[in-house]
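Using the numbering used here, the letters of the sequence shown map in sequence onto residues 30 to 226.
Just so it is clear, CB atoms sit at the ideal spot from N, CA and C, and this is done for glycine as well.
Only a predicted model underlies this, so the values are computations on that prediction, with no experimental measurement involved.
Have a look at the structure below before the remarks.
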Amino acid sequence: EVASRTAVSEIARMVNEAAMDQYRSPEEIFGFFADIIEDVNEQIYQMGLQSQQNRGMATTIVTAYIRMNSAYIANSRAYLFRSGKLGQITRDHTYVNELIDKGVITEDEAEHHEQKNVITKALGTEHRADPDFYKVDLESNDILLLCSDGLYGEVPAEKIAQILKTDQNMNDMCTSLVQEALAAGGRDNITVICLKI
C-alpha cells in the first residue's frame with residue numbers, strides 16, 4: 030500500500046512538473062521515464078530501510094505516455110486491444126516467465142504453476158529499478174489496458190478480450206474487469222486502467 034501509493038503520487042508529481050514538450054524522440058522520452066522510475070525506486074527502497082514497518086515493501090508499476098500516434102510504456106503489464114484482438118505489449122518480471130524463457134516449462138504449465146505470482150523485479154526491492162520500455166504505434170479505436178496481476182492473474186486473456194469487445198465507456202469497462210477478477214477469486218490487489226484512442 031505504501032510503496033504503490035508512493036510510486037503513483039511521485040511519478041504523477043514529476044510528470045506534472047516536467048516540461049514534457051522538450052522530450053520528442055523515443056530516447057528522450059524513455060530517458061525521462063527511466064530517470065523518474067529510478068528516483069521513485071530509490072525513495073521506496075530507502076523508506077524500506079528506514080522503517081521496520083516498511084521493510085521489504087515493493088510495488089510493480091506500469092506507465093503509459095501518449096504522444097502523437099505512439100504510446101511509450103514502461104514495465105508491466107500492458108495490453109493493446111485492436112480490431113477485436115488482445116495482445117500483450119509488455120513482458121512480465123515473474124519467476125515462471127523466466128522458466129518459460131529458459132524452456133523449463135510451457136506457457137500452459139505456467140498458467141497453473143504454484144509460483145506464478147512470484148515477481149522477480151519490482152520498485153523498492155533493490156538499488157536499481159532497470160525498467161523495460163516499449164513503444165507502440167496507435168490507431169483510432171485502439172484500447173490500451175494497463176493492469177496489475179490482480180486482473181491478469183484471475184481473468185484469462187480470452188475473457189478480458191470479451192469484456193473489451195463490449196460497447197461500454199472506459200470507466201464501466203474497468204469496473205466490469207475488476208468485477209470479473211473479484212468473481213474469479215480476487216486474491217490480489219486489482220488495478221485496471223483502460224484508455225481508448
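The bridge partners DSSP lists for Cys203 come to none.
Membership of Asp178 in any beta strand (DSSP E) is not indicated; the residue belongs instead to the alpha helix (DSSP H) covering 178-181. In summary, Arg53 is exposed, with fewer than 16 beta-carbon neighbours lying within 10 Å of its beta-carbon over all protein chains present. Annotated as distal: Ile172 and Leu206, with beta-carbon spacing of 8 Å or more. Residue nearest to Phe59 within the set Gln82, Asn104, Tyr74 is Asn104 (criterion: CA-CA distance).
Here the stretch 34-44 makes no contact with the stretch 110-129; the two share fewer than three CB pairs at distances below 8 Å. Per the coordinates, the alpha-carbon of Ser169 lies some 47 Å from the alpha-carbon of Ser80. In the DSSP assignment, Lys188 falls within the alpha helix (DSSP H) that extends over 186-193. Per DSSP, Asp217 is not a residue of any alpha helix (DSSP H), being assigned neither H nor E.
Rounded to the nearest whole angstrom, the CA to CA distance from Tyr108 to Leu78 is 34 Å. Here Asn198 carries a coil assignment [DSSP, helix/strand/coil]. For Thr92, the number of other beta carbons within 10 angstroms of its own is at least 16, and it is reported as buried.
For Gln75, there is no enclosing beta strand (DSSP E); the residue is found in the alpha helix (DSSP H) stretching over 55-79. Per the coordinates, the alpha-carbon of Leu115 lies some 21 Å from the alpha-carbon of Ala212.
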